[in-house]
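Notes to accompany the following structure.
Number of protein chains: 2
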Amino acid sequence: MTLYCVHVTGSGSRGRRERLRAETTAEIKSVALALMATGGPDAITLRAIAREMGMTANAIYGYFATRDDLVTALIRDVYGALADVVDAAWEAAPPDDPAARIRAWSDAFRGWALANPEGFRLVYGDPVAGYQAPEGGAAPDAARRVCLGVTALAAAAWPHTEHLHRDSRFEWSDFDPGLLDKVRPAFPALPPAGVALALRLWARLHGLVSLEVYGHLRTQTGSPQKLYQEELDQVVRALGIPERT
Amino acid sequence: MTLYCVHVTGSGSRGRRERLRAETTAEIKSVALALMATGGPDAITLRAIAREMGMTANAIYGYFATRDDLVTALIRDVYGALADVVDAAWEAAPPDDPAARIRAWSDAFRGWALANPEGFRLVYGDPVAGYQAPEGGAAPDAARRVCLGVTALAAAAWPHTEHLHRDSRFEWSDFDPGLLDKVRPAFPALPPAGVALALRLWARLHGLVSLEVYGHLRTQTGSPQKLYQEELDQVVRALGIPERT
DNA sequence: TGCAGTAACTATACGCCGTGAAGTTTCACT
DNA sequence: AGTGAAACTTCACGGCGTATAGTTACTGCA
Chain A
13 MTLYCVHVTG SGSRGRRERL RAETTAEIKS VALALMATGG PDAITLRAIA
63 REMGMTANAI YGYFATRDDL VTALIRDVYG ALADVVDAAW EAAPPDDPAA
113 RIRAWSDAFR GWALANPEGF RLVYGDPVAG YQAPEGGAAP DAARRVCLGV
163 TALAAAAWPH TEHLHRDSRF EWSDFDPGLL DKVRPAFPAL PPAGVALALR
213 LWARLHGLVS LEVYGHLRTQ TGSPQKLYQE ELDQVVRALG IPERT
Chain B
13 MTLYCVHVTG SGSRGRRERL RAETTAEIKS VALALMATGG PDAITLRAIA
63 REMGMTANAI YGYFATRDDL VTALIRDVYG ALADVVDAAW EAAPPDDPAA
113 RIRAWSDAFR GWALANPEGF RLVYGDPVAG YQAPEGGAAP DAARRVCLGV
163 TALAAAAWPH TEHLHRDSRF EWSDFDPGLL DKVRPAFPAL PPAGVALALR
213 LWARLHGLVS LEVYGHLRTQ TGSPQKLYQE ELDQVVRALG IPERT
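So the sequence lines, in the order shown, correspond to chains A and B.
Everything in the first sequence is counted per this note's numbering, starting at 13 for the first residue and increasing by one.
Everything in the second sequence is counted per this note's numbering, starting at 13 for the first residue and increasing by one.
Listed below in structure tokens is the structure:
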């Protein structure tokens, strides 16, 4: 009993330590995200976070070696949330209707960006002053998930659109091996031209959304939503996908 | 003679004052751009500029009321330079070959962005920490020029592509009146759907270029150039423009 | 139960930053 | 020669990231 208790206490204590630590880490990140939501990515300062938590700025160094590390962790989380959202939208759309799935994914992408503009800037823009992403990018996993997501779009469209990409000059060696490790097993039928199509598709959506998030569309049109829908119409049409009615 | 001399001296002096002032203003901006080119937009600090010029940081306040004003002026200049480059590329391409003109404009756009990544970030991203663009955007003129440029692309393609945009639901009221003031006189034959096409075209190019500039393509493909060219191929093809050989 | 070790946190300091207020120099013009 | 303004400096404030050293609290073992 004693031993058991000691053991439990021991592991429980170690667990407690770790749990407290994890909780504090989570609180730091959550406070940082709250600050970002209200004041933009630049509001993420160690001192402001510490102030909010009733701590000293230096206390945070016990959890993140540097401010950039914290930002990297935030990017990872936020990027992951984005990946969750678009994945879920894809899954929720009817599997046998490529056009619907593409629209669902794309709408979820834009919807998330407009709902979390600061998050979008954090992930795809210059996060905060002087931030240097670690080699390989800040959130390779989430980036790969999103990339895999657009590749799913391309793969779903591929049977209808293959004949339009016969003159593609892309080869496997044009892509990052890490990307192909994920893509080729998931979509064995997709040739290099299909992966290139995926990247171009991604960029096409990214272009409109990022112009909108950064306010460059606002001074041109009051109907960015309409613009996005028309772009999706053209995407689906250009891919040669039959639309269900 | 005396009177003449006095007059000359007077106006010459006033001119001298103004000239010196203009020169200092230009030097501040040029030093700022140099700092940006080497250390990124975040390296644009009043103190660093002043250090470089052998002055005090506060001396700059005689020329720009605030740091954001300086940044706004820089954005204006840089955006203007971009507009010059793409306009020149457009003009240099054969007027009777829409595909060539579109490719020339687009290549110039990407080329400028890759040659001036910091400038691209300054114009299209979060310029520097805490910067707030003035209402109406930082460089409305240059933005309009670029916008007018893409509209020229759309207008050149319009005769070939009109039939693909009959189902557009855009109306004149969907666009900013200031944009239309420029666009409608310049391209009287272009309907609302054509202006929407221009914006979508712009976004399509912007998407690939901005992903590349911000390093999000680098982790996926080693051939961004090839990707861009294939996208242009698809753009031209989707617009229904006949390619010259 | 008491003690050692360690994790968590604070205190202080340094050099950056933008910016405001006040003082000083320079110089054109009457 | 004197006046007024423009250009510039000095000093100061608060905020930032972060390095170093010191303090507190709690865990785990004897």
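For glycine and all other residues, C-beta sits at the position ideal for the given N, C-alpha and C.
Looking at the C-beta of residue i, does it have a partner C-beta in chain A at a distance below 8 Å?
{"i": "Lys41 (chain B)", "result": "no"}
{"i": "Phe182 (chain B)", "result": "yes"}
{"i": "Arg59 (chain B)", "result": "no"}
{"i": "Gly148 (chain B)", "result": "yes"}
{"i": "His175 (chain B)", "result": "no"}
{"i": "Pro152 (chain B)", "result": "yes"}
{"i": "Leu202 (chain B)", "result": "no"}
{"i": "Ser118 (chain B)", "result": "no"}
{"i": "Ala215 (chain B)", "result": "yes"}
{"i": "Asp54 (chain B)", "result": "yes"}
{"i": "Ala93 (chain B)", "result": "no"}
{"i": "His228 (chain B)", "result": "yes"}
Cβ of residue i less than 8 Å from any chain B Cβ?
{"i": "Asp99 (chain A)", "result": "no"}
{"i": "Glu243 (chain A)", "result": "yes"}
{"i": "Gly68 (chain A)", "result": "The residue you asked about is not Gly; residue 68 (chain A) is Thr in the sequence shown. With 8 Å as the cut-off, Thr68 (chain A) does not count as an interface residue toward chain B."}
{"i": "Val140 (chain A)", "result": "yes"}
{"i": "Gln232 (chain A)", "result": "yes"}
{"i": "Tyr108 (chain A)", "result": "Looking at the sequence itself, residue 108 (chain A) is Asp, so the reference to Tyr does not match. Not an interface residue."}
{"i": "Lys194 (chain A)", "result": "no"}
{"i": "Asp186 (chain A)", "result": "yes"}
{"i": "His218 (chain A)", "result": "yes"}
{"i": "Arg212 (chain A)", "result": "yes"}
{"i": "Gly137 (chain A)", "result": "yes"}
{"i": "Arg113 (chain A)", "result": "no"}
Quick check on this structure: which residue in the options has the alpha carbon closest to the alpha carbon of residue i?
{"i": "Trp184 (chain A)", "options": "A:Pro110, A:Arg196 and A:Trp214", "result": "A:Arg196"}
{"i": "Arg249 (chain B)", "options": "B:Ile114, B:Arg33, B:Ala104 and B:Val221", "result": "B:Ile114"}
{"i": "Tyr240 (chain A)", "options": "B:Pro171, B:Ser180, B:Thr163 and B:Ala46", "result": "B:Ser180"}
{"i": "Ala34 (chain A)", "options": "A:Gly52, A:Arg59 and A:Gly74", "result": "A:Gly74"}
{"i": "Ile56 (chain B)", "options": "B:Arg31, B:Thr84 and B:Thr36", "result": "B:Thr84"}
{"i": "Gly123 (chain B)", "options": "B:Ile253, B:Gln237 and B:Asp245", "result": "B:Gln237"}
{"i": "Arg45 (chain B)", "options": "B:Ile253, B:Glu147, B:Glu64 and B:Arg31", "result": "Looking at the sequence itself, residue 45 (chain B) is Leu, so the reference to Arg does not match. The shortest Cα separation from Leu45 (chain B) among B:Ile253, B:Glu147, B:Glu64 and B:Arg31 belongs to B:Glu64."}
{"i": "Ala93 (chain B)", "options": "B:Glu39, B:Gly131, B:Leu82 and B:Tyr226", "result": "B:Gly131"}
{"i": "Pro171 (chain B)", "options": "B:Leu229, B:Asp193, B:Ser118 and B:Ala201", "result": "B:Ala201"}
{"i": "Arg157 (chain B)", "options": "B:Gln144, B:Gly52, B:Arg133 and B:Val97", "result": "B:Val97"}
{"i": "Val140 (chain A)", "options": "B:Met48, B:Pro53, B:Ala38 and B:Lys41", "result": "B:Pro53"}
{"i": "Leu213 (chain A)", "options": "A:Trp117, A:Arg59 and A:Met48", "result": "A:Trp117"}
{"i": "His194 (chain A)", "options": "A:Ala164, A:Phe182, A:His218 and A:Ala169", "result": "Per the sequence shown, the amino acid found at residue 194 (chain A) is Lys instead of His. When only C-alpha atoms are compared, the closest one is A:Ala164."}
{"i": "Pro152 (chain A)", "options": "A:Val207, A:Leu229 and A:Ile87", "result": "A:Ile87"}
{"i": "Ala154 (chain B)", "options": "B:Leu220, B:Ile40 and B:Asp89", "result": "B:Asp89"}
{"i": "Thr257 (chain A)", "options": "A:Asp109, A:Thr37 and A:Leu82", "result": "A:Asp109"}
{"i": "Ala150 (chain B)", "options": "B:Ala168, B:Tyr91, B:Ala169 and B:Gly142", "result": "B:Tyr91"}
{"i": "Asp99 (chain B)", "options": "B:Leu47, B:Phe121 and B:Ala112", "result": "B:Phe121"}
{"i": "Ala145 (chain B)", "options": "B:Thr78, B:Met48 and B:Ile61", "result": "B:Thr78"}
{"i": "Val135 (chain B)", "options": "A:His228, A:Ala49 and A:Gln246", "result": "A:His228"}
{"i": "Phe76 (chain B)", "options": "B:Ala167, B:Glu147, B:Ile40 and B:Asp186", "result": "B:Ile40"}
{"i": "Arg230 (chain A)", "options": "A:Leu126, A:Pro106, A:Glu30 and A:Gly51", "result": "A:Leu126"}
{"i": "Met48 (chain B)", "options": "B:Arg178, B:Leu32, B:Asn128 and B:His177", "result": "B:Asn128"}
{"i": "Asp186 (chain B)", "options": "B:Gly219, B:Thr173, B:Arg216 and B:Pro204", "result": "B:Pro204"}
How would you call residue i, buried or exposed, if buried means at least 16 neighbouring beta carbons within 10 angstroms?
{"i": "His175 (chain B)", "result": "exposed"}
{"i": "Leu211 (chain B)", "result": "buried"}
{"i": "Thr233 (chain B)", "result": "buried"}
{"i": "Gly161 (chain A)", "result": "buried"}
{"i": "Gly190 (chain B)", "result": "exposed"}
{"i": "Gly137 (chain A)", "result": "buried"}
{"i": "Glu255 (chain A)", "result": "exposed"}
{"i": "Leu2 (chain A)", "result": "This structure does not reach residue 2 (chain A), given that chain A is present from 13 up to 257, and the question cannot be answered."}
{"i": "Leu244 (chain B)", "result": "buried"}
{"i": "Asn70 (chain A)", "result": "exposed"}
{"i": "Ser222 (chain B)", "result": "buried"}
{"i": "Arg59 (chain A)", "result": "exposed"}
{"i": "Arg133 (chain B)", "result": "buried"}
{"i": "Ala38 (chain B)", "result": "exposed"}
{"i": "Ala167 (chain A)", "result": "buried"}
Name, in chain order, the residues that DSSP records as bridge partners for residue i.
{"i": "Thr233 (chain B)", "result": "A:Phe187"}
Runs of alpha helix (DSSP H) wholly within the segment 188-215 of chain A (minimum 4 residues, chain order): Complete alpha helix (DSSP H) runs here, min 4: 189-198.
Sequence ranges, alpha helix (DSSP H) only - wholly within the segment 31-68 of chain B, length at least 4: Restricting attention to alpha helix (DSSP H) runs no shorter than 4 residues, the segment 31-68 of chain B encloses them at 58-65, ordered along the chain.
Ranges of the alpha helix (DSSP H) found wholly within the segment 84-140 of chain A, counting only runs of at least 4: Segments of the alpha helix (DSSP H) lying fully in the segment 84-140 of chain A: 110-127 and 129-136.
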